[in-house]
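The structure under discussion appears below in the form of structure tokens.
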Amino acid sequence: MSGSPRVVLRDGHDGCWIPPRDPMAPLVHILGAAVKALDTNGAGDTHTGVLAAELALGNDFEDAARRANIAAAISVTRHGPATSPERSEIAREH
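Reminder that position 17 of the sequence shown reads as 1512 in the working numbering, one-by-one numbering, no gaps.
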């Protein structure tokens, strides 16, 4: 990732939008996963935490956002706010 600031526009079950590598290109849509949501409490925290963790591991922004979307989708299928999946669960869906 370059030294440029990066932002994420989360779009619920539709996934998220991230800046492209080329600053002149349109935003990149990273698809969400279709799941039956039971409880959305904590989904944003899950998304942010997994995105940050994946970036810290050296993954590129698109892959990190894709994994964050998967994690958030898994988290809404569980009750309660502390429902972030483990990395192995995300890998199975990735």
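Glycine included, C-beta positions come from ideal geometry on N, C-alpha and C.
Cutting at 6 Å between CB atoms, please list the residues of its own chain near glutamate 1549, excluding the five before and the five after it. Around glutamate 1549: Ala1559, Arg1562.
For isoleucine 1585, the residue or residues it bridges with in DSSP: Within the DSSP secondary-structure output, isoleucine 1585 pairs in no beta bridge.
At which residue ranges does the region 1520 to 1574 contain complete alpha helix (DSSP H) runs of 4 or more residues, listed in the order of the chain? Listed in chain order, they are 1538 to 1551, 1556 to 1570.
Own chain, CB closer than 7 Å to glutamate 1584, minus 5 neighbours either side, in chain order: If we look at glutamate 1584 and ignore the five residues flanking it on each side, its Cβ neighbours are Ile1569.
Glycine 1537 and threonine 1578 look like a contact to me (Cβ under 8 Å); what is the Cβ gap, rounded to whole Å? Indeed, because the Cβ distance is near 6 Å, the residues count as touching under 8 Å.
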